[in-house]
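Enquirer: Here the protein sequences line up with chains A and B, keeping their order. So in full-length UniProt numbering, spot 55 of the first sequence is number 55, and the numbers just go up one at a time. So in full-length UniProt numbering, spot 117 of the second sequence is number 117, and the numbers just go up one at a time. Got a structure here, written out as structure tokens. Questions coming.
Number of protein chains: 2
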Amino acid sequence: MQGEPAVAVLRLGHRPGRDDRMTTHVGLTARALGADRAIIAGATQAAETVRDITDRFGGPFEAEVTDSPKAVLREWDGRIAHLTMYGERVQDVEDEIRATRDDDGDPLLIVVGAEKVSFDVYEAADWNVGVTNQPHSEVAGLAVFLDRLFEGRELDREWQDADQQVVPKATGKKVVDPDE
Amino acid sequence: MQGEPAVAVLRLGHRPGRDDRMTTHVGLTARALGADRAIIAGATQAAETVRDITDRFGGPFEAEVTDSPKAVLREWDGRIAHLTMYGERVQDVEDEIRATRDDDGDPLLIVVGAEKVSFDVYEAADWNVGVTNQPHSEVAGLAVFLDRLFEGRELDREWQDADQQVVPKATGKKVVDPDE
């Protein structure tokens with residue numbers, strides 16, 4: 001989020017067809033819950049959908065595609081947290097992760113896999129983090145991780161250059177143009 | 001979770017093929033993050049996958065299929081929270097939702113849609129809740145909602161009758177049989 005060390009989300013292991021919607025949801029979740037950027041390995045359509053949503057509902061948020069996620073990991077100048085059901089419990093490591101951001105101002109790369117993730121990724125990560133040690137969903141894990149990382153501040157974020165803005169309502173739907 | 005008023009998740013609007021993995025992830029997220037039951041409209045395979053995971057990684061957790069989500073809503077004896085990007089902000093209503101659970105001990109039905117949700121659902125709900133008013137993912141919304149509802153206690157849940165248990169590790173993977 002603006003005014004804080006940058007947070008990017010790297011989506012690994014996208015399998016065309018099978019993972020299209022999951023990968024899109026990873027990108028949209030990254031945007032909605034306070035990350036600054038999504039880097040998607042080999043899923044052009046998902047990145048386009050996320051850019052389209054950013055155009056309509058506001059930013060800033062970047063969505064880009066990479067052909068070489070290994071290079072992204074190798075060249076990342078900052079900390080890396082890899083979300084995996086085999087990792088340390090999020091409730092045990094989240095304070096440490098937040099503290100290093102406060103101390104160093106280092107950007108954070110959050111890595112989210114699809115199916116099997118190579119051991120290189122576990123070794124490249126400063127933290128392997130389990131949002132539960134149960135099998136569930138990379139989208140759910142990312143969402144809980146971001147909400148905890150930002151301690152809920154991401155929910156109060158203001159969006160810039162939006163064409164559409166949803167006005168919270170107890171019942172029904174209200175969408176306005178924020179410039180009018 | 002055990003010892004608390006029951007929480008069920010109702011998944012609406014499943015479109016076969018297109019929504020298979022999202023619906024499975026809704027069910028697995030419900031299980032991993034403290035709900036007691038998933039009720040899935042018209043997605044037999046997703047319910048089977050969730051039951052299979054429960055057999056292997058523990059419970060208790062129920063996954064069932066319904067042909068009539070409207071009947072589930074109509075006959076639900078408790079409160080209903082419908083997650084929608086058009087709803088009231090989760091940070092504004094979560095305390096009230098938790099308070100009614102403490103006061104009444106009422107079970108809670110959390111409703112999660114796929115694409116377009118009919119207006120009946122908005123009217124049947126005690127709360128329409130937005131986990132952000134941005135378009136992202138029903139899986140992400142459910143995950144953040146559950147983590148906030150249970151205030152993180154769900155992460156410390158113990159699982160019964162598991163054949164496999166992941167032991168949290170800083171690097172690598174460790175899976176044990178908890179009975180050995």
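The C-beta atom is built at its ideal place from N, Cα and C for all residues, glycine as well.
(1) Do B:Ala30 and B:Ile110 count as a contact pair if the criterion is CB distance below 9 angstroms?
(2) What residues from the region 133 to 162 of chain B come within 9 angstroms of chain A, judged by C-beta to C-beta, listed N to C?
(3) Would the beta-carbon of B:Thr66 fall within 9 angstroms of that of B:Thr49?
(4) With a floor of 3 residues, list each beta strand (DSSP E) that falls wholly inside the region 25 to 49 of chain A, ordered by position along the chain.
(5) What are the start and end residues of the beta strand (DSSP E) that includes B:Val129?
(6) So with Cβ pairs under 9 angstroms, would you call A:Arg11 a contact of chain B?
(7) Ignoring anything shorter than 3 residues, give me the beta strand (DSSP E) runs that lie fully in the region 65 to 104 of chain A, in order along the chain.
(8) Three or more C-beta pairs closer than 8 angstroms, one from the region 153 to 160 of chain A and one from the region 26 to 46 of chain A: is that the case here?
(9) Please report the Cβ distance between A:Ala140 and B:Val139, rounded to the nearest whole angstrom; I am assuming they are in contact, meaning their Cβ atoms lie under 8 angstroms.
(10) Within the same chain, show all residues whose beta-carbon is closer than 6 angstroms to that of A:Glu62, passing over the 5 residues directly before and after it, in chain order.
(11) My parser needs the beta strand (DSSP E) runs of 3 or more residues fully inside the region 110 to 157 of chain A; what are they?
(12) Within 9 angstroms (strictly less), CB to CB, does B:Trp127 reach chain A?
(13) Can you name the residues that DSSP bridges to B:Glu62?
(14) If the cut-off is 9 angstroms on Cβ atoms, which residues from the UniProt region "Disordered" (160 to 180) of chain B count as contacting chain A, listed in chain order?
(15) Output needed for B:Val144: all residues of its chain with C-beta closer than 6 angstroms, excluding positions within five of it in sequence on either side, in chain order.
(16) Helix, strand or coil for B:Arg18 per DSSP?
(17) Using a Cβ cut-off of 7 angstroms, pull out every chain A residue sitting near B:Phe57, in sequence order please.
(18) Determine whether the beta carbon atoms of B:Asp120 and B:Leu83 lie at a separation below 9 angstroms.
(19) Quick check: the Cα distance between B:Lys116 and B:His14, rounded to an integer number of angstroms?
(20) Measure the beta-carbon distance from B:Met85 to A:Val166 and round it to whole angstroms, keeping in mind my assumption that it falls under 8 angstroms.
(21) Whose Cβ in chain A lies nearer than 8 angstroms to the Cβ of B:Met22?
(22) Measure the alpha-carbon distance for A:Val175 versus B:Ala41 and round it to whole angstroms.
(23) Taking the alpha carbon of B:Gly58 as the point to measure from, which residue in A:Pro135, A:Pro107, A:Lys173 has its own alpha carbon closest?
(24) Applying the 10 Å Cβ sphere with the 16-neighbour rule, what's the burial state of A:Arg18?
(25) Tell me which residue opens and which closes the beta strand (DSSP E) that A:Ala8 is part of.
(26) State the CB to CB distance for the pair A:Ala69 and A:Pro5, rounded to an integer number of angstroms; the pair is presumed to be in contact (CB under 8 angstroms).
(27) Closer than 9 angstroms, CB to CB, is A:Thr44 near chain B or not?
(28) Quick one: is A:Val72 near chain B, going by C-beta distance under 9 angstroms?
(29) Are the CB atoms of B:Ile39 and B:Ala8 nearer to each other than 9 angstroms?
(30) Please say whether B:Leu12 and B:Ala124 have beta carbons closer to each other than 9 angstroms?
(31) Enumerate in chain order the residues of its own chain whose CB-to-CB distance from A:Glu88 is below 7 angstroms, with the five nearest sequence positions on each side excluded.
(32) Could you work out which residue in A:Leu10, A:Asp179, A:Asp147 is closest to A:Trp76 when comparing CA atoms only?
Expert: Checking against the coordinates, here is how it stands:
(1) yes
(2) Asn133, Gln134, Pro135, His136, Ser137, Glu138, Val139, Ala140, Gly141, Leu142, Ala143, Val144, Leu146, Asp147, Arg148, Gly152, Glu154, Leu155, Asp156, Arg157, Trp159
(3) no
(4) 37 to 41
(5) 127 to 130
(6) no
(7) 79 to 89
(8) yes
(9) 5 angstroms
(10) Arg37
(11) 127 to 130
(12) yes
(13) B:Arg37
(14) Gln165, Val166, Val167, Pro168, Lys169, Ala170, Thr171, Gly172, Lys173, Lys174, Val175
(15) Val131
(16) coil
(17) Gln134, Pro135
(18) no
(19) 11 angstroms
(20) 6 angstroms
(21) Arg21, Met22, His25
(22) 28 angstroms
(23) A:Pro135
(24) exposed
(25) 7 to 11
(26) One detail in the question is off: residue 69 of chain A reads as Pro in this sequence, not Ala. About 21 angstroms separates the two Cβ atoms, so there is no contact after all.
(27) no
(28) no
(29) yes
(30) no
(31) Trp127, Asn128, Val129, Gly130
(32) A:Leu10
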